[in-house]
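Residue numbers (my numbering): 3 to 269.
Quick reminder that beta carbons are idealized off the backbone N, C-alpha and C, glycines included.
Written below as structure tokens is the structure these notes are about.
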């Protein structure tokens with residue numbers, strides 16, 4: 003299916019739940035369930051050990067699904083599958099557009115998402131020479147204090163991709179929004195796109211933060227980085243040990259045949 007067909011299928015499934023509850027309630031609940039599901043993936047695949055964060059969110063997940071029938075939960079799973087499909091190699095603010103078309107934005111609270119084509123224009127002006135930044139810094143960090151569903155961040159990742167660089171390898175995003183639904187939409191989309199990000203539910207103006215959640219990709223990167231740093235420290239320690247042994251050998255007399263037969267090894 004192309005993105006247009008996926009959106010039609012998504013809207014059809016979502017609206018089919020209106021008979022039992024409000025569309026906004028169903029959408030908000032699905033966002034909570036899908037966001038937690040993405041967060042738990044590395045635990046269920048055993049790439050990460052189950053920790054306190056896993057157990058806290060697992061309890062929230064079980065509580066959130068209680069009002070729904072098995073058939074409705076199957077539809078929720080299909081919605082999550084469609085999200086994964088639409089973001090497989092395709093950059094877009096899919097959920098932001100769905101929320102706008104279904105009138106699920108809080109306009110009384112001033113919630114308005116910047117259209118994606120404008121986000122792309124802003125990203126093109128902002129990320130004008132990504133390769134130089136990567137060569138200079140190694141890693142690009144981007145802060146988005148009012149991220150909505152993540153449109154500007156996604157557009158930034160798309161622009162990096164257009165310049166021939168994989169944004170998953172060189173960019174980390176820090177995103178915040180005061181809306182719980184927006185927090186979940188951004189987390190779902192950035193996770194589905196494989197981007198490294200921390201998504202926060204908070205008020206940037208008052209500096210209140212209620213929850214922050216790293217995407218699976220960022221947690222796996224941090225795990226790799228910690229492992230790499232430990233390996234580097236071990237190698238440095240072994241080099242220091244070898245250097246001290248060589249110094250001791252230069253001072254203490256050693257039989258020539260012993261020197262000729264010795265072979266240094268890291269293992």
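Practice task
Measure the Cβ-Cβ separation of residue 85 and residue 194 and say whether it is below 7 Å.
Solution key: At a Cβ-Cβ threshold of 7 Å, residue 85 and residue 194 count as neighbours.
Exercise for the section: Find out if the Cβ-Cβ distance for the pair residue 188, residue 158 is shorter than 7 Å. Expected result: It is not a contact, given that the beta carbons lie outside the stated cut-off.
Handout entry: Contact under 7 Å by Cβ, residue 177 with residue 142
Key = It is not a contact, given that the beta carbons lie outside the stated cut-off.
Problem - Whole runs of the beta strand (DSSP E) within the stretch 169-194, excluding any shorter than 3 residues - result: Those beta strand (DSSP E) runs which fall completely within the stretch 169-194 and span 3+ residues are 173-179.
Exercise for the section: Evaluate contact between the stretch 202-217 and the stretch 114-123, counting only Cβ atoms and requiring at least three cross-stretch pairs below 8 Å. Expected result: Output reads no: the stretch 114-123 does not touch the stretch 202-217.
Exercise for the section: Consult DSSP for residue 72 and reduce its assignment to one of helix, strand or coil. Expected result: Residue 72 carries a helical assignment under DSSP once its states are collapsed to helix, strand and coil.
Problem - Closest Cα partner of residue 44 within the set 196, 204, 246 - result: Considering only 196, 204, 246, the residue with the shortest C-alpha distance to residue 44 is 196.
Handout entry: Cβ-based burial, residue 10 [other Cβ within 10 Å; buried from 16]
Key = Answer is exposed; the Cβ neighbour count stays below 16.
Problem - Cβ-Cβ distance between residue 132 and residue 162 below 7 Å - result: Against a cut-off of 7 Å, the Cβ pair of residue 162 and residue 132 comes out as a contact.
Handout entry: Opposing strand residues paired with residue 203 [DSSP bridges]
Key = Residue pairing for residue 203: DSSP places it in a beta bridge opposite 179, 213.
Handout entry: Identity of the residue in 221, 82, 246, 81 nearest residue 53 by Cα
Key = Of 221, 82, 246, 81, the residue nearest in Cα terms is 221.
Problem - Beta-carbon contacts of residue 36 that lie in its chain and below 8 Å, excluding the five residues immediately before and after - result: Within the same chain, residue 36 has close Cβ partners 78, 81, 82, 85, 186, 190.
Practice task
Give me the Cα-Cα distance between residue 136 and residue 21, rounded to the nearest whole angstrom.
Solution key: Cα-Cα distance, rounded: 51 Å.
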